[in-house]
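S.K.: Can you read through this structure? Questions will come right after.
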């Protein structure tokens, strides 16, 4: 059998880690047909199938899992050598939820930026960001979902606390009535944050529908502040409003709902001094802070 090129193995590993020909193609800067052709070439060289095609993505065969187990450490080590030789001013690519990144993380990174750090941020939902991390498009991701992707390491670094809030005028109008009787402002149509809060605090699913939907928690905060409705918001976003009386808490549970946040890094990325520096700095800063 003729030698198998590193390019074929890198393409295989990208598909194996992302579970998608499309995502692997985006990562590698290749077309989907090119990635498919390289996978087929490798399968032909090994004389065995490596992936089962699914309606969405691909699933590795046992042979693919074994091959990934054998080649991933060597390819990651090679990438570490290459990445360690990159210029020291190479930008660090950080992903995370828009609100948390802008409100909490950016101030934490200000000293590193003043010291020369070049930073690029990608805002979005956890699943897409983690896929981008595994695929190599990002170096670090902050996520409230624990990553379970090949080639990704994660550490729990912060807790996110949630509060049921309303404007004082709306809270007064509610009086002793149930908060559920008020209009609700939500991040999404299916009330993901509100739903979790209701289950944890009240022991049941919420029965109300959203009156207003804004897919940005800062917009939700603005709408609640204006008296448009009630909502559940992370404490880091509404703590100042609670302190100055712009908002009031409608419940004070003994154990408020909490999300654990993780800092994830892709294999090999920490060989770059800038990535390692941001990783260590964020772990220290986030773990030292109180629940957000």
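Numbering (my numbering), first residue to last: 34 to 325.
Where is the CB? At the ideal position from N, CA and C, for every residue including glycine.
Pick out whichever of 37, 57 and 320 has its Cα sitting closest to the Cα of residue 189.
M.R.: Reading the chain shown from its first residue, position 156 is the one you call residue 189. When each option's Cα is compared against that of residue 189, the closest is 320.
S.K.: Please classify residue 172 as buried or exposed, where buried requires at least 16 neighbouring CB atoms within 10 angstroms.
M.R.: The residue labelled residue 172 in the question sits at position 139 within the chain shown. Buried: at least 16 other Cβ atoms inside 10 Å.
S.K.: Check residue 64 in the structure and name its three-state DSSP category.
M.R.: Numbered from 1 along the chain shown, position 31 holds the residue referred to as residue 64. It is coil, neither helix nor strand.
S.K.: Among the residues of its own chain, which have a CB less than 7 angstroms from the CB of residue 119, if the five just before and after it don't count?
M.R.: Along the chain shown, one-based indexing puts residue 119 at 86. Caution is warranted here: a pLDDT of 49 is assigned to residue 119, below 50, making its placement in the model unreliable, and no coordinate value can be reported.
S.K.: Taking just the CA atoms, how far does residue 90 sit from residue 53?
M.R.: Reading the chain shown from its first residue, position 20 is the one you call residue 53. Reading the chain shown from its first residue, position 57 is the one you call residue 90. Rounded to whole angstroms, residue 53 to residue 90 spans 4 angstroms at the Cα level.
S.K.: Look up residue 91 in the DSSP assignment and give the residues it is bridged to.
M.R.: For the purposes of this step, residue 91 is identified with residue 58 of the chain shown, where counting begins at 1. DSSP, once it has assigned bridges, lists 86 as partnering residue 91.
S.K.: Measuring CA to CA, which of 152, 217, 185 and 184 is closest to residue 200?
M.R.: Taking the chain shown and counting its residues from 1, one reaches residue 200 at position 167. Ranking 152, 217, 185 and 184 by Cα distance to residue 200 puts 217 first.
S.K.: Looking at the structure shown, is residue 159 part of a helix, part of a strand, or coil, going by DSSP?
M.R.: For the purposes of this step, residue 159 is identified with residue 126 of the chain shown, where counting begins at 1. Helix at residue 159.
S.K.: Confirm, please, whether the CB-CB distance from residue 174 to residue 156 is below 8 angstroms.
M.R.: Here residue 156 is taken as the residue at index 123 of the chain shown, counted from 1. Here residue 174 is taken as the residue at index 141 of the chain shown, counted from 1. Against a cut-off of 8 angstroms, the Cβ pair of residue 174 and residue 156 comes out as no contact.
S.K.: Looking only at its chain, what residues have a beta carbon closer than 8 angstroms to the beta carbon of residue 66, apart from the 5 residues adjacent to it on each side?
M.R.: Counting from one through the chain shown, the residue named residue 66 turns up at place 33. Answer for residue 66: no residue qualifies.
S.K.: Quick one: what does DSSP say residue 37 is sitting in, helix, strand or coil?
M.R.: In the chain shown, residue 37 corresponds to position 4, counting from 1. Note: residue 37 maps to coil in three-state DSSP.
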